[in-house]
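Undergrad: Quick one: the structure is below, and I'll ask about it shortly.
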Amino acid sequence: MKESCLKCHGDPKDAPADVIAKYGDKRAFGYKVGDVRGIISVKLPDITLIDVLLTFLNPYTLGLIVLAFLLNFLYTQQSIIARLKKLAQTTERIAQGELDLPLQENPGSRDEVDHVQHAVGLLRNSVVVAMKRLQKTLS
Numbered sequence: 008m009k010e011s012c013l014k015c016h017g018d019p020k021d022a023p024a025d026v027i028a029k030y031g032d033k034r035a036f037g038y039k040v041g042d043v044r045g046i047i048s049v050k051l052p053d054i055t056l057i058d059v060l061l062t063f064l065n066p067y068t069l070g071l072i073v074l075a076f077l078l079n080f081l082y083t084q085q086s087i088i089a090r091l092k093k094l095a096q097t098t099e100r101i102a103q104g105e106l107d108l109p110l111q112e113n114p115g116s117r118d119e120v121d122h123v124q125h126a127v128g129l130l131r132n133s134v135v136v137a138m139k140r141l142q143k144t145l146s
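Residue 8 is where the sequence shown starts when you use my numbering, and the numbers rise one by one after that.
Structure representation (structure tokens):
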């Protein structure tokens, strides 16, 4: 109990009249400086991080996580890696002299792979034009 608290909780004769009128003069009086008025007890559950993780990582949740990773892997394989492998093979064949290869372009899709594919097509066309000019100059 602090000195300022004793104004209302010390001797009932020293308490304000409105406090006495509201609460009476029998309870919560008679304290001295340093007395303990009350204690707040806070108890935290004794649970470890592993217990928390095991609560959330039940078989259903683990299955959803695995499914999400699997779908992400398949999507990445199909939409990016397979297309890049095919583009790399086509580019290698163009570098070996097969300049008449058709490049597949997806008009509805405009992602980064399509931009690279378009750039390879432009490069191939430029090489074809340069080769024709060179042949024309040599003949």
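Here a beta-carbon is modelled for each residue, glycine too, at the ideal position from N, C-alpha and C.
(1) Please classify Phe36 as buried or exposed, where buried requires at least 16 neighbouring CB atoms within 10 angstroms.
(2) Would you mind reading off the limits of the alpha helix (DSSP H) that contains Asp58?
(3) Short of 7 Å in beta carbon distance, which residues of its chain neighbour Val123, apart from the five on each side in sequence? Order them along the chain.
(4) With distance defined between alpha-carbon atoms, name the residue in Thr144, Arg117, Gly104, Asp118 nearest to Leu1.
(5) Can you give me the start and stop residues for the alpha helix (DSSP H) that Ala75 sits inside?
(6) Identify the continuous alpha helix (DSSP H) that holds Tyr30 and give its terminal residues.
(7) Spatial neighbours of Val135 within its chain, please: C-beta separation below 8 Å, excluding the five flanking residues on both sides.
(8) Among the candidates Arg34, Tyr38, Tyr30, whose CA atom is the shortest distance from the CA of Asp14?
(9) Note down the Cα distance separating Tyr67 from Gln84, rounded to an integer number of angstroms.
(10) Tell me the DSSP secondary structure of Lys50 in three-state form.
(11) If you run the structure through DSSP and keep just helix, strand and coil, what is Leu110?
(12) Have a look at Arg90 and Val120 and give me their C-alpha separation to the nearest angstrom.
(13) Whole angstroms are fine: how far does the CA of Lys143 sit from the CA of Asn113?
(14) Helix, strand or coil: which one does DSSP assign to Ala126?
TA: In short:
(1) On the sequence shown, residue 36 is found 29 positions in, with the first residue counted as 1. So Phe36 counts as buried.
(2) Taking the sequence shown and counting its residues from 1, one reaches residue 58 at position 51. Unbroken alpha helix (DSSP H) run through Asp58: 56-63.
(3) For the purposes of this step, residue 123 is taken as the residue at position 116 of the sequence shown. These residues qualify, in order along the chain: Leu94.
(4) This structure does not reach residue 1, given that the chain is present from 8 up to 146, and the question cannot be answered.
(5) Along the sequence shown, read from residue 1 onward, the residue named residue 75 stands at position 68. According to the DSSP assignment, Ala75 belongs to the alpha helix (DSSP H) that extends over 66-83.
(6) Sequence index remark: in the sequence shown, residue 30 carries index 23 (1-based). First-last of the alpha helix (DSSP H) with Tyr30: 24-30.
(7) Locating residue 135 in the sequence shown gives position 128, where the first residue counts as 1. If we look at Val135 and ignore the five residues flanking it on each side, its Cβ neighbours are Leu106.
(8) Along the sequence shown, one-based indexing puts residue 14 at 7. For the record, residue 14 in the displayed sequence is Lys; it is not Asp. Here the closest residue by C-alpha is Tyr38.
(9) Start at 1 with the first residue of the sequence shown, and residue 67 comes out as number 60. Start at 1 with the first residue of the sequence shown, and residue 84 comes out as number 77. The alpha-carbon atoms of Tyr67 and Gln84 are separated by roughly 26 Å.
(10) For this step, residue 50 is matched to residue 43 along the sequence shown. Residue state for Lys50 is assigned as coil, using DSSP reduced to three classes.
(11) Numbered from 1 along the sequence shown, position 103 holds the residue referred to as residue 110. When secondary structure is reduced to three states using DSSP, Leu110 falls in the coil class, being assigned neither helix nor strand.
(12) Numbered from its first residue, the sequence shown carries residue 90 at position 83. Numbered from its first residue, the sequence shown carries residue 120 at position 113. It is roughly 7 Å from the alpha-carbon of Arg90 to the alpha-carbon of Val120.
(13) Residue 113 sits at position 106 when you count from the first residue of the sequence shown. Residue 143 sits at position 136 when you count from the first residue of the sequence shown. If you take the alpha carbons of Asn113 and Lys143, they lie about 34 Å apart.
(14) Here the question's residue 126 lines up with position 119 in the sequence shown. Ala126 falls in the helix class under three-state DSSP.
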